[in-house]
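Take the sequence shown: its letter number 273 is residue 277 in our numbering, and every next letter is one higher.
Report on one structure; see the data block that follows.
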Amino acid sequence: MTTFLTVLIGFFTGILSGMFGIGGALLSTPAIRLVLHVKPLIAVGTTLPVIIPTSATAGIVYFRKGLVERKAIFPTASAGIVGAILGSSATAVISGHYLLIITALLIFAVGIQFTHRQRTLDTSKQETRDGRGTPTSILPLKGGGIKGGGYLTMSYVLAGLLAGFVGGLLGLGGGILLIPLFVFWLKVPLKTAFGTSLITISIMAVPGSIIHYLLGHIDVYLALLLTVGVIPGSYLGARITYVAKVKALALAFGIIVIVIALWLGLSEVLLIV
């Protein structure tokens, strides 16, 4: 039964990851903690290596559909690797319970942001393509565009550094922070933000996974079982997003994130008190 539940968690994790570009740990971390009753730091660490095949599988689907901003990947991922190493190393001195409470607070804030601001998304520019079916550029949302050149590169670097640190610290791969940074700060179209995030965090998750493994925070068998489920799930999730409406995706993302945050946060608080 434990094996079946783990694979099932992986499958639904993959769907969530493929649909919303977040790597999947947003669901798998609280799920294996609360359903399988693993230790807090194991819940944080085990999900991180699973993000790599999850994000890569779904990211390929987005890439083939022209929903990846290629020039964002290198600066974001490079800075994200540095951030992930720093964040993962910090887990050696921070309580696992408090890490999960921080995780819950962070994803709750992201959920509120998306449900509140999903009406401002300019869907008329989300699907613009050139003759080859790829994005013509990073297209703005309502409220203006973004500067180019060095400013844009440094913005990607800063976004990657912040997302990598949070991802390494909380075992989330960084997508939970990278998506709102792409959408609300860098004005990347929503579906393109999902695809670009997946490719980026599949790279960013590697150093964090290594450090968590060296710290003894990864249950390898559990990670393998999750991977069995996440690969088909992430492919399916990416296909769903390609045909879905942008505003519906944003609202669904926000609601799911809020529910998971409340579930995880209240559970960990009750365990402490």
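C-beta atoms are modelled at their ideal positions from N, C-alpha and C, and glycine is treated no differently.
- A direct Cα-Cα distance of roughly 15 Å separates S159 from T200.
- DSSP, read as helix, strand or coil, puts L268 in helix.
- With a cut-off of 8 Å on Cβ pairs, the region 240-254 is not in contact with the region 30-48, counting fewer than three such pairs.
- Distance between L229 and K43, taken at the CA atoms: about 17 Å.
- Around the Cβ of V273, a 10 Å sphere holds fewer than 16 other Cβ atoms; the residue is exposed.
- For the pair F16 and L275, the Cα-to-Cα distance works out to about 26 Å.
- In this structure, DSSP gives H216 a helical state, which the three-state scheme calls helix.
- Going by C-alpha positions, L219 is about 42 Å away from K249.
- Contact between S59 and G172 does not hold, since the beta-carbon distance rounds to 15 Å and is not under 8 Å.
- With contact defined as three or more Cβ pairs closer than 8 Å, the region 76-84 and the region 259-266 are not in contact.
- A straight-line Cα-Cα distance of about 15 Å links G100 and Y217.
- When the five nearest sequence neighbours on each side are left out, the beta carbons in the same chain lying within less than 6 Å of the beta carbon of T107 are those of L174, in order along the chain.
- The C-beta of R74 has fewer than 16 other C-beta atoms within 10 Å across all chains shown, which makes the residue exposed.
- When the alpha-carbon of H221 is set against those of T51, I26 and A265, the nearest one is in T51.
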